Amino acid sequence: MFDRLFKHYGPQHWWPGETPFEVMVGAILTQNTNWRNVEKAMNNLKHEGVLHPESLRIMPEGRLAALLKPAGFFNVKTKRLKAFLNFLHSRYGGSIDALRSTSTSKLREELLAIKGIGKETADSILLYALGHPIFVVDAYTYRVFTRHHLIGEEALYDELQDLATGHVPAEAEHYNEFHALLVRVGKDYCSPTPKCENCPLNGLNW
DNA sequence: GACCAGGCACATC
DNA sequence: GATGTGCATGGT
-18 MFDRLFKHYG PQHWWPGETP FEVMVGAILT QNTNWRNVEK AMNNLKHEGV LHPESLRIMP
42 EGRLAALLKP AGFFNVKTKR LKAFLNFLHS RYGGSIDALR STSTSKLREE LLAIKGIGKE
102 TADSILLYAL GHPIFVVDAY TYRVFTRHHL IGEEALYDEL QDLATGHVPA EAEHYNEFHA
162 LLVRVGKDYC SPTPKCENCP LNGLNW
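Residue numbers (the numbering used here): -18 to 187.
Below, the structure written as structure tokens:
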């Protein structure tokens, strides 16, 4: 599946964020939200010159919520982003570099303990912001895997993650590319109403 | 006007 | 443990 997708699409260059911190913010803002709307909110933050841990951390919630508006769920996401920023400040002194030196499993536990950060968001931060070798499961992953009967529809996050983990070289570069490719084929062909004609995955034998 | 978009926490049973 | 619900904007 990986080979077929990579040959068809080529490298996807994920995550579309310029800095690790930007990726982390994007991971929270994109929860159940189209990336285009996330970009609008991110641009609001950039134009205000506040896309930095401390700027956002000390910003009044009302002002932050207004800037996050295009991303939807803006009141909820304001709380969640604040919770993450407070964690970054209190536990790591606001330093991304300090974050880097933490082990994958320890940091994942810490992220999951933050209210508003679940498994997908934690794993997205680990992989796409910090380069840890971990596979990110999302709605597209679920759709592609279940439609191809690689796993049952009742499968949970960890089961999808384990399935991918067991079949992809254990390197961040591969987890990064595989997830991005799954999202790409999901958007193009494996949408809620599938359009399987011309799908690059046609004809594969599992 | 309906449906969808790179979730998560919380209440309830 | 499983299921249902609120959160909200913007594109198609």
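From the three backbone atoms N, C-alpha and C, an ideal C-beta is built for every residue, glycine too.
Remember, it's a predicted structure, so these values are computed and weren't measured experimentally.
State the start and end residues of the unbroken alpha helix (DSSP H) segment that holds residue i.
i      : result
T127   : 120 to 128
E140   : 138 to 146
W(-5)  : Where W(-5) is concerned, there is no enclosing alpha helix (DSSP H), given that its DSSP letter is neither H nor E.
W16    : 16 to 28
A46    : 42 to 49
N157   : 153 to 169
K63    : 55 to 73
F116   : Counting along the chain, F116 falls outside any alpha helix (DSSP H), and DSSP gives it neither H nor E.
T195   : With the chain represented from -18 up to 187, any question about residue 195 goes unanswered, as that position is not in the structure.
Y(-10) : -17 to -10
K176   : Segment: none, K176 is in no alpha helix (DSSP H) and carries neither H nor E.
Rounded to a whole number of angstroms, what is the C-alpha to C-alpha distance between residue i and residue j?
i      : j      : result
S71    : T85    : 19 Å
F65    : G(-9)  : 34 Å
R44    : A136   : 40 Å
N183   : M(-18) : 10 Å
T83    : N157   : 20 Å
R(-15) : K176   : 18 Å
T146   : G(-2)  : 24 Å
G167   : E29    : 34 Å
Identify which residue in the options has its Cα closest to the Cα of residue i.
i    : options               : result
T127 : G43, G99, P173        : P173
H33  : L69, T122, K58, N157  : L69
C171 : H129, G133, H148      : H129
G75  : A46, R38, T83, K87    : R38
A151 : N179, V166, V117      : V117
F2   : H148, I106, P181, N56 : I106
K63  : R17, H113, M5, E29    : M5
V31  : I95, L48, W16         : L48
N67  : H28, H113, A46, M40   : M40
W187 : I132, D169, A153      : I132
Please confirm whether residue i and residue j have their CB atoms less than 8 Å apart.
i    : j    : result
L108 : I98  : no
L111 : K100 : no
R89  : A79  : no
L141 : Y121 : no
R61  : I9   : yes
E42  : T59  : yes
query = Three or more beta-carbon pairs under 8 Å between the segment 46 to 57 and the segment 15 to 26, yes or no?
reply = yes
ask   = Contact between the segment -12 to 3 and the segment 160 to 172: three or more CB pairs below 8 Å?
value = yes
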